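Q:
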Amino acid sequence: QCQQERSQHKNRDKAMQLLKAKLYQHYERLQQEEHKKLEAEKKDIAWGSQIRSYVFHPYNLIKDHRTGYETSNVDKIMDGYLDDYIFEYLKWDLKKSFA
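Under my numbering, residues 157 to 255 are what the sequence shown spells out, in order.
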């Protein structure tokens with residue numbers, strides 16, 4: 157309740173300002189929690205923490221280390237056809253979310 161003023165309109169405006177401030181703080185806190193969650197999931201940028209390996213010589217191989225998917229059709233991937241990798245990532249992410 158906000159009854160600091162004599163006018164109902166001023167009291168209503170004051171109450172709306174307080175409500176907006178509380179809502180803003182609430183959503184700001186939710187956003188910070190989501191940001192912390194995402195930061196915790198980030199991997200360190202270190203040797204051996206790569207997502208994908210590309211080998212062009214002496215044999216052709218591209219391997220996604222997260223999903224385990226690999227292919228020897230390097231030209232297709234380098235030409236931008238990433239559908240197989242995207243599909244495998246989505247399957248992996250779905251399994252991870254249910255685990």
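All C-beta atoms, glycine included, are put in the ideal place defined by N, C-alpha and C. Being a predicted model, the structure only gives us computed values, none of them experimental.
Hey, how far is the Cα of threonine 227 from the Cα of lysine 219?
A: For threonine 227 and lysine 219, the distance between alpha carbons rounds to 7 Å.
Q: Reducing DSSP to helix, strand and coil, say where aspartate 240 ends up.
A: In this structure, aspartate 240 counts as helix in the three-state DSSP scheme.
Q: Kindly list the residues whose CB is nearer than 8 Å to the CB of serine 209, restricted to its own chain and excluding five residues on each side of it in sequence; keep chain order.
A: Only Leu217, Ile218, Lys219 and His221 meet the Cβ criterion.
Q: Output needed for valine 211: all residues of its chain with C-beta closer than 6 Å, excluding positions within five of it in sequence on either side, in chain order.
A: Taken in chain order, the residues that qualify are Leu217.
Q: The beta strand (DSSP E) with isoleucine 218 in it runs from where to where?
A: Element bounds for isoleucine 218: 217 to 220.
Q: Would you mind reading off the limits of the alpha helix (DSSP H) that contains arginine 162?
A: First-last for arginine 162: undefined, no H or E at that position.
Q: Establish whether the CB of aspartate 240 and some CB of chain B are separated by less than 8 Å.
A: Checking the listed chains, one finds no chain B in this structure; it contains a single protein chain.
Q: For a test of the three-state rule: what should DSSP assign to tyrosine 210, helix, strand or coil?
A: Three-state DSSP puts tyrosine 210 in a strand.
Q: Count the other CB atoms, across all protein chains shown, that sit within 10 Å of the CB of tyrosine 241; report buried if there are 16 or more and exposed otherwise.
A: That one is buried.
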